[in-house]
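See below for the structure under consideration.
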Amino acid sequence: MTNSYSIKKTNMNCSEDIIDICLRAGALVLENGGETYRTEETIVRIARSLGALTVSAFVTPTVIMVSFKDSENNTHTSVHRITIRGTNLEKVDRINTLSREITGSMLQTTSCTKIGSGAPVQPSNLSIQEIKNKLLTIEKAPCFTKKLIILMSGFSAAFFALMFGGNFYDATIAFVIGFLLRIVLIALEKVTRNTFTVSLVSGFFTAFLAFLATNIISLIFSPNQIPVSYMQIIVSVLMLVVPGIAITNAMRDMIAGDLVSGTARLFEAFMIAAGLSAGTAAGLLLTGVFL
8 MTNSYSIKKT NMNCSEDIID ICLRAGALVL ENGGETYRTE ETIVRIARSL
58 GALTVSAFVT PTVIMVSFKD SENNTHTSVH RITIRGTNLE KVDRINTLSR
108 EITGSMLQTT SCTKIGSGAP VQPSNLSIQE IKNKLLTIEK APCFTKKLII
158 LMSGFSAAFF ALMFGGNFYD ATIAFVIGFL LRIVLIALEK VTRNTFTVSL
208 VSGFFTAFLA FLATNIISLI FSPNQIPVSY MQIIVSVLML VVPGIAITNA
258 MRDMIAGDLV SGTARLFEAF MIAAGLSAGT AAGLLLTGVF L
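According to our numbering, the sequence shown is numbered sequentially starting from 8.
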């Protein structure tokens, strides 16, 4: 028994491959800090290059939806939920490179027949399986080690302190707190990925340690011996978790016309900023009570 959505097995397999490749490529872009419009463009270009007649992609920061029609006018649709998001622009660049490699070309493979009959294209040396292998390689590519991330977080906080006009002592304290903050954030990843909660803890932890460190130093040394500013230290360390990429991507999505995604990203950035502010205020209030 057949229906309007049944097609030849070879074409069905090919359609499933196209959906799988598009979703995996789009997810890699979105999960690693890519913009919404870039994700949609990558999906559409790859699907058309693989032979889809018409392609529609709808992307938000948490969901990818792809739908396309084949040469027999059968519609294929799939949805992918994004649960983990971070920043790895190297992976975004590698997906862009792979997309350019297959864009504008039709695959030559014995296991997948042509399902599209659009504009003429040039043969590609890549097969479906080769593209999947490349996607898997990008997905499994090693990131920076946790030890290196923790160490660089400390250095980043220290250099921010110097950039904002702090002295060597401010930078030293900022290094230690930034170092410890990254350890806390890595530990929090195992408990929750709620951005507001993480921001709240980050603000509280930073403010509490900065105020505590400066007061301990002021008790041991005179202000003339070791001048430190807890406000400089707090601002420097919080720069590690300021949602700069989220704000930038929100603006770029809005400019590109993706108002829903842009608004969602902007609200996410606002929630992160609110969490940092509330956590910092709570930390300062707590230290003011006990010190």
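No residue lacks a Cβ here, since even glycine has one placed at the ideal position from N, Cα and C.
Predicted, not measured: the structure shown is a model, and the values here were computed from it.
By DSSP's assignment, phenylalanine 65 forms a beta bridge with Met72.
In this chain, the alpha helix (DSSP H) harbouring valine 242 covers 237-245. Proximity of the segment 255-264 to the segment 30-47 meets the contact definition, three or more beta-carbon pairs being nearer than 8 angstroms. Here aspartate 177 is not near glutamine 232, since their CB atoms are 9 angstroms or more apart. Below 8 angstroms, enough C-beta pairs join the segment 274-285 and the segment 210-220 to call them touching: three or more. The beta carbon of serine 268 sits closer than 7 angstroms to those of Thr43, Val66, Thr67, Pro68 and Asp260, all from its chain and outside the five residues before and after it, given in chain order. Between the segment 152-169 and the segment 185-193 there are three or more inter-stretch CB-CB distances shorter than 8 angstroms, so the stretches are counted as touching. Cβ neighbours of serine 63 within its own chain (closer than 6 angstroms, five residues either side excluded): Ser74. Per the coordinates, the alpha-carbon of cysteine 29 lies some 29 angstroms from the alpha-carbon of threonine 152. Along the segment 127-188, the beta strand (DSSP E) occurs as fully enclosed runs of 3 or more residues at 129-131, listed in sequence order. Under DSSP, the beta-bridge partners assigned to serine 85 are Val73. In this structure, the beta-carbon distance from valine 248 to isoleucine 180 does not fall below 9 angstroms. Within the same chain, Cβ atoms closer than 6 angstroms to the Cβ of glycine 290 are found at Phe211, Ala214 and Phe215, the five residues on either side in sequence being excluded. For serine 22 and glutamate 48, the gap between their C-alpha atoms comes out near 19 angstroms.
For isoleucine 53 against serine 106, the beta-carbon gap comes to about 6 angstroms, under 8 angstroms, which counts as contact.
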